[in-house]
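Here full-length UniProt numbering is used: the first residue of the sequence shown is 1, the next is one more, and so on. Just so it is clear, CB atoms sit at the ideal spot from N, CA and C, and this is done for glycine as well. As the structure is a computational prediction, the values presented were derived from the model and not from experiment. The block underneath contains the structure these notes are about, expressed in structure tokens.
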Amino acid sequence: MTAPLLALLDGTLADVTHPLIRADDLGVVRGDGVFDAALARRGPDGEGIVRDRDAHLDRLARSAAILQLPEPDRAGFGRAMDALLAAWDFDAQPEAVIRLVLTRGPESGGDPTAFALMAPISVGVLRERAEGVSITLLGRGHDGDEVASMPWLLPGAKSLSYSINMAAKRHAAQRGFDDVVFVSPAGQLLEGPTSTLVVDRGGRLLTPPQDGILASLTLEHLMAAAPGAGIEVAFERLEPADLLSSDGAWLLSSGRLVAAVTSVDGTELPRSPLDTELRRILEV
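Here it is in structure tokens:
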């Protein structure tokens with residue numbers, strides 16, 4: 001496996017094994033920072049490209065604004081990504097994830113910490129793309145529209161405070177499931193810890209409203225391209241019964257792109273007739 005690569009915002013590569021962040025950095029001691037993750041792969045001309053590059057930089061800036069962090073150095077993150085792409089061995093690892101990270105910096109004051117990290121797509125993610133995922137439904141303490149009205153809960157921000165999301169995935173794995181979809185107290189389907197839910201109902205692709213939910217760039221890509229293939233994609237409130245009675249469902253994310261949902265809490269789901277077309281649209 002290709003080792004991870006680390007780049008600084010001046011466009012230089014750094015040793016990923018060498019300490020970069022101070023022990024009192026608020027990103028470490030408080031999870032006070034933001035990140036974004038983008039898929040990198042070889043482009044048509046043989047050069048490495050970042051999928052939805054500008055959109056990921058835009059979302060990083062939106063997340064930083066929600067946390068009242070300094071505006072990210074867009075040009076600097078661009079230099080860092082270019083350095084990573086130039087150094088990456090796409091023959092050994094055709095796909096990778098680039099994480100853009102910005103923290104508030106040292107607790108005692110000082111400049112924010114910023115860097116970009118590139119690592120191979122994991123074998124598990126590739127397997128989930130091909131074979132699909134079993135999911136479990138887990139409760140989340142707030143409704144989506146309720147979270148949207150509470151800015152202190154950071155709705156729509158991709159913050160470094162991911163402990164709850166990772167705990168949900170560990171909880172699922174301990175019980176034999178691959179992933180999770182959260183359900184609101186009112187019984188509405190929301191999102192996964194690192195993914196967006198899309199449901200096929202009679203040939204229409206439906207996804208939960210994004211009130212209090214991180215905007216999905218993979219979903220935006222699907223919504224822009226699907227009409228050209230004669231497929232409608234719409235936001236609609238969904239309940240677990242809608243998922244269980246669907247013609248198929250998927251989890252979408254920037255790295256995994258798309259994974260078919262094979263079962264929900266042990267109840268099998270069919271593979272949607274639109275699965276092949278969806279994979280073509282999302283360039284899997």
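Residue nearest to residue i in terms of C-alpha spacing, selected from the options
i      : options                           : result
Val101 : Met150, Ser245, Leu6 and Lys169   : Leu6
Asp58  : Ala225, Pro72 and Glu47           : Pro72
Thr218 : Val233, Asp211 and Arg204         : Val233
Glu239 : Gln174, Glu191 and Glu283         : Glu191
Phe90  : Ala119, Asp179, Ala241 and Ala38  : Ala119
Leu278 : Val264, Arg256 and Leu222         : Leu222
Ala260 : Leu197, Ala241, Gly203 and Ser216 : Leu197
Arg271 : Ser216, Trp88, Gly230 and Gly202  : Gly202
Ser254 : Asp247, Arg41, Gln188 and Asp15   : Arg41
Pro44  : Glu220, Ile121 and Pro94          : Pro94
Gly78  : Ser134, Leu69, Ala55 and Gly109   : Ala55
Ala225 : Arg280, His18 and Ser246          : Arg280
Gly176 : Arg74, Gly266 and Gly48           : Gly266
Pro151 : Gln210, Ala229, Ser163 and Leu67  : Leu67
Ala87  : Leu126, Gly11 and Arg51           : Gly11
Gly212 : Met166, Ala172, Gly156 and Arg256 : Gly156
According to DSSP, residues forming a beta bridge with residue i
i      : result
Leu39  : Val97
Met118 : Leu5 and Ile98
Gly266 : In the DSSP output, where bridge partners are listed per residue, Gly266 has none listed.
Ala249 : Val199
Ala234 : Leu206
Leu13  : Ala7
Gly48  : Arg42
Thr276 : Thr276 pairs with nothing; no bridge assigned.
Ala259 : Leu251
Pair within 9 Å by beta-carbon distance, residue i and residue j
i      : j      : result
Arg53  : Met81  : yes
Thr194 : Ala96  : no
His142 : Pro185 : yes
Leu274 : Phe235 : no
Ala114 : Leu13  : no
Lys158 : Leu214 : yes
Leu244 : Val264 : yes
Ala249 : Val199 : yes
Arg30  : Glu107 : yes
Gly109 : Asp25  : no
Thr262 : Ser122 : no
Leu117 : Val28  : no
Asp36  : Leu60  : yes
With three or more beta-carbon pairs closer than 8 Å as the criterion, would you say the stretch 124 to 141 touches the stretch 171 to 184? yes
So within the stretch 142 to 222, which uninterrupted alpha helix (DSSP H) runs reach at least 4 residues, ignoring any that extend past its ends? 144 to 148 and 163 to 174
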